[in-house]
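Protein chains in written order, with my numbering: chain A, 248 to 767; chain B, 248 to 767.
There are 2 protein chains.
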Amino acid sequence: MSEIAMTGAEALVKTLENAGVERCFTNPGTSEMHAVAAIGRAETMKATLCLFEGVATGAADGYARIAGKPACTLLHLGPGLANGLANLHNAKRARSPIVNIVGDHAVSHRTLDAPLASDIAGFAKPVSQWIKSADTADEVGQAAAEAVAASQNAPGGIATLILPADTAWNPSSTGPAAPIAPTPFAAPADSAVEAARAALAHGESAALLLSDPAMTGEALELAANIAAATGARLYCDTFVGLMARGVGRPFVRRLPYFAEAVEEELKGVRHLVLVSTKAPVAFFAYPGRRGELTPEGAEVVTLAAPGEDALAGLRALAAVVGKGPAPVRALPITPGLPSGPLDPMKVGAIVARHLPEGAIVSDEGATSGAGSFVHTAGAAPHDWLQLTGGSIGQGLPVGVGAATAAPDRKVVCLEGDGSAMYTIQSLWTAARENLDMTVVIFANRSYAILKIEMMRTGAQNPGPATLAMFDLSRPDIGFVDLARGLGVEAVSCETAEQFNSAFSGAMKRRGPFLIEAVMP
Amino acid sequence: MSEIAMTGAEALVKTLENAGVERCFTNPGTSEMHAVAAIGRAETMKATLCLFEGVATGAADGYARIAGKPACTLLHLGPGLANGLANLHNAKRARSPIVNIVGDHAVSHRTLDAPLASDIAGFAKPVSQWIKSADTADEVGQAAAEAVAASQNAPGGIATLILPADTAWNPSSTGPAAPIAPTPFAAPADSAVEAARAALAHGESAALLLSDPAMTGEALELAANIAAATGARLYCDTFVGLMARGVGRPFVRRLPYFAEAVEEELKGVRHLVLVSTKAPVAFFAYPGRRGELTPEGAEVVTLAAPGEDALAGLRALAAVVGKGPAPVRALPITPGLPSGPLDPMKVGAIVARHLPEGAIVSDEGATSGAGSFVHTAGAAPHDWLQLTGGSIGQGLPVGVGAATAAPDRKVVCLEGDGSAMYTIQSLWTAARENLDMTVVIFANRSYAILKIEMMRTGAQNPGPATLAMFDLSRPDIGFVDLARGLGVEAVSCETAEQFNSAFSGAMKRRGPFLIEAVMP
Numbered sequence: 248m249s250e251i252a253m254t255g256a257e258a259l260v261k262t263l264e265n266a267g268v269e270r271c272f273t274n275p276g277t278s279e280m281h282a283v284a285a286i287g288r289a290e291t292m293k294a295t296l297c298l299f300e301g302v303a304t305g306a307a308d309g310y311a312r313i314a315g316k317p318a319c320t321l322l323h324l325g326p327g328l329a330n331g332l333a334n335l336h337n338a339k340r341a342r343s344p345i346v347n348i349v350g351d352h353a354v355s356h357r358t359l360d361a362p363l364a365s366d367i368a369g370f371a372k373p374v375s376q377w378i379k380s381a382d383t384a385d386e387v388g389q390a391a392a393e394a395v396a397a398s399q400n401a402p403g404g405i406a407t408l409i410l411p412a413d414t415a416w417n418p419s420s421t422g423p424a425a426p427i428a429p430t431p432f433a434a435p436a437d438s439a440v441e442a443a444r445a446a447l448a449h450g451e452s453a454a455l456l457l458s459d460p461a462m463t464g465e466a467l468e469l470a471a472n473i474a475a476a477t478g479a480r481l482y483c484d485t486f487v488g489l490m491a492r493g494v495g496r497p498f499v500r501r502l503p504y505f506a507e508a509v510e511e512e513l514k515g516v517r518h519l520v521l522v523s524t525k526a527p528v529a530f531f532a533y534p535g536r537r538g539e540l541t542p543e544g545a546e547v548v549t550l551a552a553p554g555e556d557a558l559a560g561l562r563a564l565a566a567v568v569g570k571g572p573a574p575v576r577a578l579p580i581t582p583g584l585p586s587g588p589l590d591p592m593k594v595g596a597i598v599a600r601h602l603p604e605g606a607i608v609s610d611e612g613a614t615s616g617a618g619s620f621v622h623t624a625g626a627a628p629h630d631w632l633q634l635t636g637g638s639i640g641q642g643l644p645v646g647v648g649a650a651t652a653a654p655d656r657k658v659v660c661l662e663g664d665g666s667a668m669y670t671i672q673s674l675w676t677a678a679r680e681n682l683d684m685t686v687v688i689f690a691n692r693s694y695a696i697l698k699i700e701m702m703r704t705g706a707q708n709p710g711p712a713t714l715a716m717f718d719l720s721r722p723d724i725g726f727v728d729l730a731r732g733l734g735v736e737a738v739s740c741e742t743a744e745q746f747n748s749a750f751s752g753a754m755k756r757r758g759p760f761l762i763e764a765v766m767p
Numbered sequence: 248m249s250e251i252a253m254t255g256a257e258a259l260v261k262t263l264e265n266a267g268v269e270r271c272f273t274n275p276g277t278s279e280m281h282a283v284a285a286i287g288r289a290e291t292m293k294a295t296l297c298l299f300e301g302v303a304t305g306a307a308d309g310y311a312r313i314a315g316k317p318a319c320t321l322l323h324l325g326p327g328l329a330n331g332l333a334n335l336h337n338a339k340r341a342r343s344p345i346v347n348i349v350g351d352h353a354v355s356h357r358t359l360d361a362p363l364a365s366d367i368a369g370f371a372k373p374v375s376q377w378i379k380s381a382d383t384a385d386e387v388g389q390a391a392a393e394a395v396a397a398s399q400n401a402p403g404g405i406a407t408l409i410l411p412a413d414t415a416w417n418p419s420s421t422g423p424a425a426p427i428a429p430t431p432f433a434a435p436a437d438s439a440v441e442a443a444r445a446a447l448a449h450g451e452s453a454a455l456l457l458s459d460p461a462m463t464g465e466a467l468e469l470a471a472n473i474a475a476a477t478g479a480r481l482y483c484d485t486f487v488g489l490m491a492r493g494v495g496r497p498f499v500r501r502l503p504y505f506a507e508a509v510e511e512e513l514k515g516v517r518h519l520v521l522v523s524t525k526a527p528v529a530f531f532a533y534p535g536r537r538g539e540l541t542p543e544g545a546e547v548v549t550l551a552a553p554g555e556d557a558l559a560g561l562r563a564l565a566a567v568v569g570k571g572p573a574p575v576r577a578l579p580i581t582p583g584l585p586s587g588p589l590d591p592m593k594v595g596a597i598v599a600r601h602l603p604e605g606a607i608v609s610d611e612g613a614t615s616g617a618g619s620f621v622h623t624a625g626a627a628p629h630d631w632l633q634l635t636g637g638s639i640g641q642g643l644p645v646g647v648g649a650a651t652a653a654p655d656r657k658v659v660c661l662e663g664d665g666s667a668m669y670t671i672q673s674l675w676t677a678a679r680e681n682l683d684m685t686v687v688i689f690a691n692r693s694y695a696i697l698k699i700e701m702m703r704t705g706a707q708n709p710g711p712a713t714l715a716m717f718d719l720s721r722p723d724i725g726f727v728d729l730a731r732g733l734g735v736e737a738v739s740c741e742t743a744e745q746f747n748s749a750f751s752g753a754m755k756r757r758g759p760f761l762i763e764a765v766m767p
């Protein structure tokens, strides 16, 4: 009896496993049946089913931020990829490595323009740093190894591998490929280190501005020590993929969201040193306002550009700067216990009181989330994950991915009600996988940010028909009902007392739980 | 006191109104604030707020199919468009005219690579037949007039107008533009009509194959008369955007979904005449199977290619074919009243009994919807809208759009449970707008089609980990809870008696209602 040859799909999955990819977030279809079968028989790779592709791609982002390595997705042709693009945009901004496997029609079928045919590579291009179609079973192993490496090449991002159905079902004579090492990030030039040293020598008129991956671990410690030694201010971008915070962690000032507040914050900065980021710009343009937010005339020095080795740069800089006083670290602060009708600040105070050590917070609270960010500065040490690309609907999927990557850590999702409704299907996956994830919905029943932005952009005299486009009442969304419908236990709170009881209880139990925090 | 100049956004909206665009399906953001303000002050254009962009684009598709003219969408930059792409893919396949207005950063802000910056035109390209960025307020009126015309140019589809924020907020010195007439569809050549006549002269070994827009109105009547006069068979594509059906309408055989069934159905056809469609191909490829489904060696004649004037072609063909016997029309059939545990056939029989005259059915029932299609052949006259591009998540949004376009007609959505979860946010818009829309969820708690396709594609020995990827239980999705959470009254049924009571009641009342039909 002859040995049954490995299919292309099996060569693909084995290659991914060899390269350390352990998780596939998927919503598959007919063209992916052989890939599904291969994943179902895989040794180490596990699959997580999502009801919508935006959940799958956002979960892969959250997974990458916590695991520090890529998961893969398995998506159904161009439209399946399209449904995941918004969270791939966010992941790209977080520089999260993700390997998309996008099924396609068999190569012979592509020319027939069947209903699901589309320009898959065209959909993938705006978000991908690597795209390839593996058009034969013999090349899929090598292509998969390249994809895993490509997702981790500078600056880190999306590798999209297109998998025609016949590539998946045909026998592979080459079998799986060996892992390919990603290209190491280039270390900053000595001249960049020297320029940064010279800029920071100006003390308090100088500032370090950090972004991923310098907001955690050794890089964060080095940056804080450099700031302490030079007297420079220490900032991070408004939206960072992962920041380590809480008691004992170096205290970093986060740039505010609104452009005029950033300008105010950066007043007096004459020398700006960039670590793995670009000079700050406004999130949106406003009539008559500058978009570039670096103080006019200030010197801008790049220690490490995005995709350069920020850690190496910080090590070199720390060595030349020398040792100074101990950096400013967050002190333990337990906010008072609030009472009465809920508002975002009271929610934040209560979250800070009960957040367990090692928690992961996925923050898409928008206007309502700021209170929690402020209050948790002195909470137990935790990681904070933000909406990196501005495309709402990221928070719950990122929570799903983070909880999958770290089953022993509590995940807390802080979600605006409007944002939650983009990818509410995440709750079902949280229930199915019994993820240890507590979701707080800030139910202010409006796109509150847009009420503010309407004034800021100078659009005049909004009438009722305009205001209706920001209004999420009529009908109110019932998040307790939605959670129940998706298999997640939930409770609704209108007072601080109720919320304190619900949130502290959720921190003590395991498994998915949702708290609707109703507020004006 | 000088007159306040019109903004670019106002010039845009006024131009759209002049061109007959009456409805905007939107989920806006900061970059769209001036467009939102202008729509809020518009005279005839009304806005419908959607919680997710896939609802907005799908609703625009459903609106176009029923209204016969474009609605616009208003979407938030690249990611907002990205969330709507899957249903734009479906709309493109239905050849539905849609005008996308996609907000962008101000022109001066585009170079700054702010978090939400992306390649909007790149996202739009795979689904759009026209793309333009209106980079000044003075050009936006003309661009909007072009967009409306472009959406209706052959074959009908998506026109994407990119609207930078400063284009919207700056004063327009040119103001609104006059409507531009779409280019008339080209009439088929005389030679095509003659070739079709000659092909159909072979009688029962010949067949006419129809697609949009030949499945309704005069075109459908002409096609049926031509078939009757020549003895040719009369078919339509498996998935058609709109077909007029029910008692008294010409009876057209729909091509089956599975490739082998199409081959069986077309056995004996030696001459195939295409009306506004292409020769049939398999929806998916399967190992060892042909993708082209026209019988081998058969003659294929194109009377009207997609985008040619099918009605003109059918008129010319009818004139040369002459008058024959009366065409076959659907007879009134009232199925018996079933009892006991529900299944798709029982649901179909009950739907057929109670479907009111003039109803619009949005069918995304997948494996479960077939029973309803069969049984309603002899129901009261109605229009049937299908999943044209194979990207699930279309049915509920198309229902929202259809109900918006025809507030005096009952809309019935037949939805698979898996499909429903892609765009379940549609229910909230149905509640907010009090749309007269009854949703039937076929709750078989699996991606049932994939269980079938797993076998058909020959993927071997699926184990529990594979089968889990098709399973929608663990936890069961509670559609009554979901509907309640989104403001829609709902009921769950497990027997034919319960379903008959719920569905007949829903047909007699107005407003949104959901029925979960639980079945194996």
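For every residue, glycine included, the Cβ atom is placed at its ideal position computed from N, Cα and C.
*asked:* With H, G and I counted as helix, E and B as strand and the rest as coil, what does DSSP make of Arg501 (chain A)?
replied: DSSP places Arg501 (chain A) in strand when its eight states are reduced to three.
*At 4 residues or longer, and completely inside the segment 631 to 694 of chain B: list those alpha helix (DSSP H) runs for me, N to C.*
As far as the segment 631 to 694 of chain B is concerned, its whole alpha helix (DSSP H) runs of at least 4 residues are 642 to 652, 664 to 667 and 673 to 679.
*Kindly list, in the order they appear in chain A, the residues whose Cβ is closer than 9 Å to that of Met462 (chain B).*
Simply none; closest approach about 16 Å.
*By the criterion of Cβ-Cβ separation under 7 Å, what are the contact partners of Asp385 (chain B) in chain A?*
Under the 7 Å cutoff, chain A gives no residues; its nearest Cβ is about 17 Å from Asp385 (chain B).
*asked:* Our contact map puts Phe726 (chain B) next to Gly734 (chain A) with C-beta atoms below 8 Å; I'd like the distance itself, whole angstroms only.
replied: Your pair Phe726 (chain B) and Gly734 (chain A) does not check out as a contact, with CB atoms roughly 12 Å apart and the cut at 8 Å.
*Beta-carbon contacts of Thr485 (chain A) that lie in its chain and below 6 Å, excluding the five residues immediately before and after*: Leu502 and Tyr504, listed in sequence order.
*Please state if the CB of Arg692 (chain A) and the CB of Asp723 (chain A) are separated by a distance shorter than 7 Å.*
The answer is yes: Cβ separation under 7 Å.
*Quick one: which residues of the segment 528 to 544 of chain B get their C-beta closer than 8 Å to a C-beta of chain A? List them in chain order.*
For the segment 528 to 544 of chain B, the residues whose beta carbon sits under 8 Å from a beta carbon of chain A are, in order, Val528, Ala529, Phe530, Phe531, Ala532, Pro534, Gly538 and Glu539.
*Please name the residue in B:Ile286, B:Gly301, B:Gly325 and B:Gly642 whose C-alpha comes closest to that of Ala333 (chain B).*
Comparing alpha-carbon positions, the option among B:Ile286, B:Gly301, B:Gly325 and B:Gly642 lying closest to Ala333 (chain B) turns out to be B:Gly301.
_Is it the case that the segment 289 to 308 of chain A contacts the segment 538 to 554 of chain B, given that we only count it when at least three CB pairs across the two stretches are under 8 Å?_
Result no; under three Cβ-Cβ pairs closer than 8 Å.
*Just reading off the beta strand (DSSP E) that Asn274 (chain A) is part of, what are its end residues?*
Where Asn274 (chain A) is concerned, the enclosing beta strand (DSSP E) starts and stops at Arg270 to Asn274.
*asked:* So Asn330 (chain B) contacts chain A; which residues on that side make the cut at Cβ distance below 9 Å?
replied: Per Cβ cutoff of 9 Å: Gly301, Ala329, Asn330, Leu332, Ala333, Ser638, Gly640 and Tyr669.
*So with Cβ pairs under 7 Å, would you call Ser249 (chain B) a contact of chain A?*
Any reading at Ser249 (chain B) needs caution, since the residue's pLDDT is 41, under 50, leaving its predicted position unreliable; the model's value is listed next. It does not: the Cβ of Ser249 (chain B) has no partner Cβ on chain A nearer than 7 Å.
*Contacting residues, own chain, Cβ-Cβ under 7 Å from Leu540 (chain B) (five flanking each side not counted)*: Closer than 7 Å at Cβ, skipping near neighbours: Ala506, Val509, Glu510, Leu513, Pro527, Val528 and Ala529.
*asked:* Please tell me whether Val387 (chain A) and Ala557 (chain A) are closer than 7 Å, where the distance is taken between their beta carbons.
replied: Contact: no.
*Exposure label - Asn347 (chain A); buried when at least 16 CB within 10 Å*: Buried is the call here.
*Between the segment 588 to 605 of chain A and the segment 746 to 753 of chain A, do at least 3 Cβ pairs fall closer than 8 Å?*
Yes, they touch.
*Under three-state DSSP, which class holds Leu733 (chain A)?*
Leu733 (chain A): coil per DSSP, three-state reduction.
*asked:* Using 7 Å as the threshold, is the C-beta distance between Met701 (chain B) and Met462 (chain A) below it?
replied: Going by C-beta atoms, Met701 (chain B) is not nearer than 7 Å to Met462 (chain A).
*Kindly identify the DSSP beta-bridge partner or partners of Glu604 (chain B).*
Looking at the DSSP assignment, Glu604 (chain B) forms no beta bridge with any residue, so it has no partner.
*From what residue to what residue does the alpha helix (DSSP H) around His518 (chain B) run?*
Looking at the DSSP string, His518 (chain B) is not in any alpha helix (DSSP H); the run it does join, the beta strand (DSSP E), is His518 to Val522.
_Please state whether the Cβ-Cβ distance between Ile688 (chain A) and Tyr669 (chain A) is less than 7 Å._
If you check the CB distance, Ile688 (chain A) and Tyr669 (chain A) do not come in under 7 Å.
_Please state whether the Cβ-Cβ distance between Ala650 (chain B) and Asp683 (chain B) is less than 7 Å._
Taking 7 Å as the Cβ cut-off, Ala650 (chain B) and Asp683 (chain B) qualify as a contacting pair.
*Establish whether the CB of Val260 (chain B) and some CB of chain A are separated by less than 7 Å.*
Look at Val260 (chain B): its C-beta is not under 7 Å from any C-beta on chain A.
*Tell me whether Leu578 (chain B) is buried or exposed, calling it buried when 16 or more other Cβ atoms sit within 10 Å of its Cβ.*
Result: exposed.
*Consult DSSP for Thr477 (chain B) and reduce its assignment to one of helix, strand or coil.*
Helix.
*Any C-beta of chain B sitting closer than 7 Å to the C-beta of Val745 (chain A)?*
The question names Val, but residue 745 (chain A) is Gln in the sequence shown. Not an interface residue.
*With distances taken between CB atoms, is the gap from Ser375 (chain A) to Ile405 (chain A) smaller than 7 Å?*
Less than 7 Å separates the beta-carbon of Ser375 (chain A) from that of Ile405 (chain A).
*Selected residue, minimal CA-CA separation from Leu643 (chain B), among B:Ala677, B:Leu697, B:Gly403 and B:Ile345*: Nearest in C-alpha terms to Leu643 (chain B), of all of B:Ala677, B:Leu697, B:Gly403 and B:Ile345, is B:Ala677.
_Looking at Thr614 (chain B): is its Cβ nearer than 7 Å to the Cβ of Ala563 (chain B)?_
Between Thr614 (chain B) and Ala563 (chain B), the CB-CB gap reaches or exceeds 7 Å.
*What in chain A is Cβ-close to Val283 (chain B), meaning under 9 Å?*
Chain-ordered, the chain A residues with CB closer than 9 Å to the CB of Val283 (chain B) read Leu697, Met701, Ala706, Pro709, Thr713, Met716 and Phe717.
*Identify which residue in B:Arg679, B:Trp377 and B:Ser739 has its Cα closest to the Cα of Ala396 (chain B).*
Per the Cα distances, B:Trp377.
*Per DSSP, Tyr482 (chain A) is paired with what?*
Residue pairing by DSSP places Tyr482 (chain A) opposite A:Leu456 and A:Arg500 in a beta bridge.
*Excluding the five sequence neighbours on either side, which residues of its own chain have a C-beta within less than 6 Å of the C-beta of Gly305 (chain B), listed in chain order?*
Excluding residues within five positions, the ones whose Cβ falls inside 6 Å are Asn334, Gln641, Pro644 and Val645.
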